[in-house]
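Novice:
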Amino acid sequence: MLSVVSVCDPNPMQRPMNNHGVTHRWRKQRLRMKRAESLWLAMHPDDPPLSPIRGIARVMSRVGNYQKLIDLVPSPMNGICLCQGNFTLMTDDLPSVIRHFGEQKKIHFLHIRDVQGKPEKFEEAFHDDGHTDLVECLRAYRDIGFDGVCRPDHYPKMGDEGFNDEHGIARVFAVGYLKGLREAVYAER
Ligand SMILES: [Mn+2]
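All residue numbers for the sequence shown refer to this note's numbering, where the first residue is 368 and numbers rise by one.
(1) Going along the chain, which residues put their C-beta within less than 6 angstroms of some heavy atom in ligand 1?
(2) If we call anything under 8 angstroms between Cβ atoms a contact, is aspartate 520 one with histidine 478?
(3) What are the boundary residues of the alpha helix (DSSP H) that phenylalanine 454 is part of?
(4) Classify serine 428 as buried or exposed, calling it buried when 16 or more other Cβ atoms lie within 10 Å of its own Cβ.
(5) Specify, as a first and last residue, the run of the alpha helix (DSSP H) that histidine 467 falls within.
(6) Give me the Cα-Cα distance between valine 542 and isoleucine 536, rounded to the nearest whole angstrom.
(7) Would you call valine 502 buried or exposed, if buried means 16 or more other Cβ atoms sit within 10 Å of its Cβ?
(8) From what residue to what residue does the beta strand (DSSP E) around arginine 474 run?
(9) If you drop the 5 nearest sequence neighbours on each side, which residues of the same chain put their C-beta closer than 6 angstroms to that of lysine 473?
(10) Considering just the uninterrupted stretch of the alpha helix (DSSP H) at methionine 502, what are its terminal residues?
(11) Consult DSSP for glycine 446 and reduce its assignment to one of helix, strand or coil.
(12) Between which two residues does the alpha helix (DSSP H) containing leucine 341 stretch?
(13) Excluding five sequence neighbours on each side, which residues of the same chain lie with their C-beta closer than 7 angstroms to the C-beta of isoleucine 420?
(14) Quick check on the burial criterion: 16 or more other C-beta atoms within 10 angstroms. Buried or exposed for aspartate 460?
(15) Measuring only the C-alpha atoms, how far is proline 383 from proline 412?
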């Protein structure tokens, strides 16, 4: 059985850190436990991908650190949550990043969202209105044979404060847009 979980260290500043800033021993113990339980780890990026922030250094804010994380503890359970809204702020070529980790089968969870701006100042965008080439991203997922769990993740706020269905309507738009895009991309073959 496949399950996807998000795990965070409840008190990272109290634990010994390795040179990647990741608690190696803690993660290895977690991986042993999760292997026994058939759970898959999926590390989500720092959101936004900035370091330091409010005086605290963070490590999951650069693409290269994800490869270090994967190499740190070789295990099929050790993978990433590819949150596009954050990864697209870490690279100018998100489709290549998707292919890089996807070909290693390390994308355990996928958050398809988009933003406008830079890590220091960004806004959530509708899925057809961000700065990511979403068509090329979908082609990358198709080519690597991604068959895992995904979700639209975030949505921009719609209407004023009295408009209660703001996220519901944006979510319906996102799911429909992504389903249509997926069908178009898969029909290319
Ligand atoms: Mn996310």
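Virtual Cβ for every residue (Gly too), placed ideally from N, Cα, C.
Specialist: Taking the structure as given:
(1) His411, Cys450, His478, Asp520
(2) yes
(3) 451-454
(4) buried
(5) 461-469
(6) 10 angstroms
(7) exposed
(8) With the sequence shown as reference, residue 474 is identified as isoleucine, and arginine is not the correct amino acid for it. Its beta strand (DSSP E) spans residues 474-478.
(9) Ile437, Gly446, Ile447
(10) Correcting the residue type first, residue 502 is valine in the shown sequence and not methionine. Residues 501-511.
(11) strand
(12) A query on residue 341 cannot be resolved here, the shown segment of the chain reaching from 368 to 556 and no further.
(13) none
(14) exposed
(15) With a pLDDT of 47 at proline 383, under the threshold of 50, the modelled position of this residue cannot be trusted; read the value that follows with caution. If I take the Cα positions, the gap works out to 21 angstroms.
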